[in-house]
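When you line the sequence shown up against my numbering, it's residues 38 to 872, in that order.
Just so it is clear, CB atoms sit at the ideal spot from N, CA and C, and this is done for glycine as well.
Working notes for the structure below.
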Amino acid sequence: MFNKLKRRQGSSHRHILGVSLLVLAIISGIFPVNILAQNNPFGAPPAAQPGVTAPGQPPLNADTPLNGENNIIIRQLLIEDPNTPIELANAIRLCVQLGRTDVARRFIESFQTLMPSPEECSDIQRSLNSGFLYEIAIHKRLQPEGGIFVKMIRDGAIAYLRDDTRIAKLINELGDEDEFVRRRATTELRTCDVNAAVALGTALGDPARKDYYDNIKIALAGMGNIAVEPTIGFLGVKDEQHKARIIAVLGKLRAIRIADRIVTFTITEPADSPVGAAARQAITEIVGVLPTKAEAVQYLKQQFGRYLKGDLMLPQDREGRLILWAYDADQKTVIPERRDARIISLAYATLASRDLYRLDLGNPEYKQLFLRSVLQSSKVLNGVNQPLADGTKALVSQESAEYVLSLLEHCLETKHYPAAVGAAEVLGDIGDESLLYSTTGKATRLIEALNNPSRRVRFAIANAIFKMDPKRPFPGSSYVTTAAAYFVQTGGTRKAVAADIKSDRGLKWAGLLSQIGLIGDRAISGDNLINLAQKNPDYEFILLSEAIQNPGLNDTVYKLRNDPRTAEIPIGIIIDNIPNLDIEFARVVQNSVTGKDEDGFFKNPVLHRAEIATNPAYKLRSIKHRLGTLEEQLSADEKPLPSVEGRRERSRAQRLADVDPLTFALFEPNTADQMLFQTKILRQTATYQSISVEERVEQARTCLDWFAKILANQPVYGFYNPIRHQEPMVGALFFPRLCAPATEVLKHLPTPEAQKALLTIASQNTAVLENRKLAAAAFSQHVSSYRILLTRDEITEQYNLYNKSIVGAQDELDILGGLLDSIEDRENPADSSGE
């Protein structure tokens with residue numbers, strides 16, 4: 038038995054030896070290196086004779102790449118000399134895997150000269166895989182050639198995936214009679230980019246492809262998650278058959294996000310209609326059951342609330358934006374738009390409220406939510422300062438003025454200010470002066486809304502009252518002129534105000550504000566700050582010190598927040614009582630600083646705020662710290678948890694910032710860069726759209742035009758008493774962009790100040806010539822209507838100015854001479870005989 042076992046073992050050894058020799062022979066055939074013919078018993082190759090090489094190999098000399106190359110695999114690659122993109126790509130991969138980056142770089146240089154087509158780049162990307170390409174892109178010894186190589190492949194592969202001609206060809210092949218061609222096209226479409234999903238969605242509405250709609254739906258559903266968002270955009274199509282096919286695809290995709298978009302169809306559309314049948318099938322595939330009407334209502338309410346909170350459950354970019362796909366009826370396809378996530382939330386909330394209203398058209402609550410959402414989304418999407426979309430205005434205008442007024446009040450109560458602006462715009466078109474009168478003698482709800490903290494709301498309501506054009510006194514009419522006078526005071530500039538009891542520090546802050554593009558005003562007390570903020574509509578934010586006095590910090594902030602003119606101005610409070618403030622600020626301002634210090638505290642708590650907020654241990658420590666129950670004594674091996682507060686006590690500024698979303702605690706800026714960094718959060722507090730200089734100027738023009746109208750007809754509009762607001766009207770005359778409408782106002786204002794202002798602007802040689810001519814004409818009309826209201830010294834000064842300008846330009850003389858003519862004509866009117 039043992040002899041047999043030995044014989045078997047001997048046979049096995051002979052078998053292994055034979056296989057080894059066979060493998061050696063194969064290797065010798067592939068790599069023609071004579072490894073047996075060695076003169077040196079230690080393995081060194083024999084001396085090569087000059088000019089003699091193996092068959093098929095180039096001569097070996099000093100310039101030959103093979104010279105001195107000992108790696109048989111690299112030698113073979115060099116002999117084969119790859120010259121196509123795919124061959125070079127495989128050679129590059131092999132060289133990198135062998136650690137021969139020097140040879141890989143030479144192959145990369147050869148690859149770049151070939152300029153591979155997009156299809157070849159796509160094949161290479163599949164062959165090498167993304168992980169290996171990333172390795173090449175970051176390999177230090179392959180740079181910069183490695184990065185260029187990877188970018189070339191990536192760009193080519195993307196171009197291939199987005200090739201519209203190729204995608205159209207694949208869609209056409211879906212209708213081919215050959216099943217293999219159809220399957221191949223479906224498979225290739227699964228690897229395409231989002232462009233293919235858009236093309237397939239469009240093809241589902243093409244009558245020429247009706248014979249293979251089912252194949253298109255299968256291909257679109259086969260693309261998976263990448264097709265969901267553009268396909269959802271096609272729900273906006275008007276063609277019911279096309280919409281039904283889109284809903285069917287979304288059901289196959291198990292797109293849970295569209296459940297709230299189609300659940301209404303399962304209730305309102307007949308079961309035998311295309312959309313109704315497709316919606317019922319899709320809902321069943323997505324959620325597994327067909328909901329009842331009550332369940333649909335409850336679900337839509339839940340979704341509406343989620344959208345209002347901004348809960349989209351979709352990834353956002355660093356700036357909080359998303360891509361919204363919307364159907365364009367003119368182009369018959371969907372168009373992507375990158376929008377702020379809050380705006381997209383409003384759009385989805387509008388759709389949810391619309392579907393909720395469709396389920397119960399007699400429900401007043403659902404109707405109110407729908408109209409509010411329509412107004413809100415229209416204003417936010419198109420611009421809060423832009424007119425409502427025609428369709429939205431027509432929809433809301435169908436309601437009575439009383440209903441729109443109640444809708445406006447609802448928007449104000451719920452603080453949906455863009456919707457309130459839209460409601461006021463509609464109210465100005467359909468309302469009348471009856472909305473301004475009450476039987477109690479008190480101001481109506483519309484007039485009281487002029488005290489709203491939102492500047493845009495106040496202007497929209499004032500403009501609506503301008504359009505209603507009341508011609509008899511009404512309670513609260515003085516509120517209208519006060520609001521209009523506030524808007525007129527704009528200077529058309531970006532401004533901010535800095536307040537501190539130390540004048541030198543306030544001056545420094547104002548100077549830093551000017552360096553970042555803002556005109557900086559100064560205040561030295563709380564009362565001074567409040568007075569400036571109430572009179573100036575151009576302040577974008579307020580800076581004040583914790584040490585502010587008369588009144589103190591808390592009272593100053595309270596008064597600013599309780600005045601409608603200043604309630605929405607962001608406030609930055611400079612912290613004064615933190616030791617080592619410069620060191621702490623330097624740590625925070627450098628965003629690149631990360632990690633923890635030796636005590637376990639974050640070096641930059643601002644960067645780690647999200648981590649701190651989501652860790653229960655950190656949150657518990659912060660709560661204990663605020664309550665004063667934090668145990669500071671730790672064991673020897675225990676490290677303190679990091680927190681936003683660190684070891685410092687919370688300042689008064691931080692405590693105020695905790696309770697007011699428009700108030701922020703800041704470190705003291707000492708350079709322009711620090712000021713820009715510190716005030717960034719103040720400039721970004723606008724909910725949807727900040728008020729621009731152009732918008733403020735346009736508001737001022739509207740109010741000046743209204744003042745000119747009521748001053749020109751005082752017998753009718755005298756109850757407004759606009760003369761008490763002449764100071765902002767006179768000030769507008771000296772702002773070039775408002776000079777023209779201001780002259781129309783002042784020529785009807787029967788006061789010496791108005792006449793003097795017109796004379797002054799007309800006499801200034803530094804003013805715009807056209808504005809001077811307008812002012813001179815208005816002065817002449819003013820003198821004619823109200824006689825000369827100038828003093829003797831002012832008239833004498835005007836003559837002296839003319840005499841000094843005798844040798845000046847002719848236009849100058851014409852204007853100054855015309856002013857004197859107006860004065861003289863009024864002083865010496867012609868008699869009846871014409872002498």
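In the three-state DSSP reduction, Leu-398 falls in the coil class, being neither helix nor strand.
Within 10 angstroms of the beta-carbon of Lys-275 lie fewer than 16 other beta-carbons, which makes it exposed. Around the CB of Met-350, fewer than 16 other CB atoms lie within 10 Å, so the residue is classed as exposed. For the pair Val-235 and Tyr-171, the Cα-to-Cα distance works out to about 29 Å. For Ile-611, the uninterrupted beta strand (DSSP E) run begins and ends at 608-611, by DSSP. The way I'd put it, the segment 168-183 does touch the segment 131-144; three or more beta-carbon pairs between them come closer than 8 Å. DSSP lists Lys-532 as the beta-bridge partner residues of Tyr-576. For Val-218, the three-state secondary structure derived from DSSP is helix. Secondary structure at Ala-560: strand, using DSSP grouped into helix, strand and coil. Annotation: Lys-504 to Leu-412 spans about 20 Å, alpha carbon to alpha carbon. In the structure shown, Asp-200 adopts coil according to DSSP, grouped into three states. Assignment of beta-bridge partners to Arg-291 by DSSP yields no partner.
The beta-carbon distance between Leu-361 and Arg-343, rounded to whole angstroms, is 17 Å. This is too long to meet the 8 Å contact definition. DSSP, reduced to helix, strand and coil, places Ser-154 outside both helices and strands of the structure shown, so it counts as coil. In this chain, Ile-843 is not harboured by any beta strand (DSSP E), its DSSP state being neither H nor E. Within the DSSP secondary-structure output, Ile-372 pairs in a beta bridge with Ala-363.
Contact between Leu-775 and Leu-741 is confirmed by a C-beta separation of about 7 Å, below the 8 Å threshold.
Bridge partners of Asp-466 according to DSSP: none are assigned.
Taking the Cα positions, Ser-437 is about 34 Å away from Ala-378. If you draw a straight line from the Cα of Tyr-394 to the Cα of Ala-333, it is about 12 Å long. Here DSSP, grouped into helix, strand and coil, assigns Ala-702 to strand. Each residue's CA atom was taken as its position, placing His-453 and Lys-416 some 11 Å apart. Residues of the same chain with a CB within less than 8 Å of the CB of Ile-553, apart from the 5 flanking positions on each side, are Ala-709, Met-712, Leu-713, Thr-716 in chain order. Minimum Cα-Cα distance from Glu-266 among the listed residues Pro-352, Arg-531, Gly-755 corresponds to Pro-352.
For Ala-737, the number of other beta carbons within 10 angstroms of its own is at least 16, and it is reported as buried. With contacts defined by Cβ atoms closer than 8 Å, Arg-409 and Ala-486 do not form a contacting pair.
Ala-499 sits away from Ile-610, with the two beta carbons spaced by 8 Å or more. By the CB criterion at 8 Å, Gly-465 and Pro-512 fall outside the cutoff. Fewer than three pairs of CB atoms, one per stretch, sit closer than 8 Å, so the segment 228-244 makes no contact with the segment 319-338. Counting of Cβ neighbours within 10 angstroms places Met-260 among the buried residues, the total reaching 16 or more. Bridge pairing for Ser-582: Ile-611 [DSSP]. Secondary structure in the segment 114-183: the alpha helix (DSSP H) runs of 4 residues or longer, each lying completely within the stretch, are 122-134, 138-151, 155-165, 167-175 in chain order. Per DSSP, the unbroken alpha helix (DSSP H) holding Leu-597 starts and ends at 590-598. For Ala-486, there is no enclosing alpha helix (DSSP H), as DSSP gives it neither H nor E.
Secondary structure at Asp-230: coil, using DSSP grouped into helix, strand and coil. Beta-carbon to beta-carbon, Glu-462 and Leu-425 are separated by about 6 Å, close enough to satisfy the 8 Å threshold.
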